[in-house]
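Residue numbers (our numbering): 6 to 270.
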């Protein structure tokens, strides 16, 4: 497989104070079973993949939520998680950054950006845990679907069940990714639990609504130390904008926002 070129991504700050000041109500949510890790450097961890909806005066939103818990309080940078929201077609439509605990704690929440598009959503989150010589990565269980049926009304309708679309079912059984002319794999990250690794190019929907691919190394930069983990966990409200590419990974066709949004319990 060809070595991929890494392109610099830009980081910008946005103010989300107004979002927190706005009145919101969690209307519905759906969650996977907790994913439990083996003991890692003396600790075990669990994390879930959840989809929440909120009702604001401006409309109703859907978001992925990751809840991660340790068997006991752990030092800074020991546990990280990433909230990922997918459409029923298997494309990543919203994602948090990979966020690590910035203080000693036993649990915290991480949130993806909130989406208003009327469709069916799933969450399948990722966890990373310090093993003394880097980080061990796990992909959690997929949540049941949640269908946002009407985003223009305070009486939004939701469908919360365990039925899986035919496309998602096929992705969950896929044993290998397609390969482009550059030698890079591409496809949905929902196939990672079976295949064992993410594709080099992850199917996603950009901020402009165009479907394309994100470079996995841009979405989740590889880290090996606690110092790198804490440096990557930026302040709440930080938005890191990365490129959306065509299937060859050469031509930029859009952008995708990766947001830092977390709360300690």
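C-beta: ideal position from N, C-alpha, C; glycine also.
Just so we're clear, the structure is a prediction, and the values are computed from it rather than from any experiment.
Look up residue i in the DSSP assignment and give the residues it is bridged to.
i: residue 120; result: 67
i: residue 135; result: 140
i: residue 87; result: 131
i: residue 41; result: 51
i: residue 262; result: 246
i: residue 218; result: 208, 250
i: residue 180; result: According to DSSP, which records beta bridges pairwise, residue 180 is partnered with nothing at all.
Exposed or buried, which one is residue i when buried takes at least 16 other CB atoms within 10 Å?
i: residue 253; result: exposed
i: residue 199; result: exposed
i: residue 152; result: buried
i: residue 178; result: exposed
i: residue 174; result: exposed
i: residue 136; result: exposed
i: residue 171; result: exposed
i: residue 270; result: exposed
i: residue 78; result: exposed
i: residue 236; result: exposed
i: residue 192; result: buried
i: residue 211; result: buried
i: residue 213; result: exposed
For residue i, which residues in the same chain have their Cβ closer than 6 Å to its Cβ, ignoring the five residues on either side in sequence?
i: residue 72; result: 53, 114
i: residue 126; result: 56, 67, 90, 151
i: residue 268; result: 114
Using 8 Å for Cβ pairs, my map puts residue i next to residue j. What's the rounded Cβ distance?
i: residue 58; j: residue 76; result: Not a contact, Cβ separation roughly 31 Å.
i: residue 87; j: residue 105; result: Between residue 105 and residue 87 the Cβ distance is about 10 Å, and since that is not below 8 Å, they are no contact.
i: residue 176; j: residue 196; result: 5 Å
Which same chain residues, not among the five before or five after residue i, have their C-beta less than 7 Å away from its C-beta?
i: residue 130; result: 52, 54, 69, 71, 86, 87, 88, 89, 145
Can you list, in chain order, the residues of its chain whose CB lies under 8 Å from that of residue i, leaving out five sequence neighbours each side?
i: residue 263; result: 100, 101, 102, 224, 244, 245, 246, 247
i: residue 124; result: 92, 93, 152, 153
i: residue 250; result: 206, 217, 218, 219, 220, 256, 257, 258
i: residue 2; result: Residue numbering for the chain in the displayed model covers 6 to 270; residue 2 lies beyond these limits and cannot be assessed.
i: residue 109; result: 78, 79, 80, 81
Within 8 Å, do at least three Cβ pairs link the stretch 182-190 to the stretch 222-237? no
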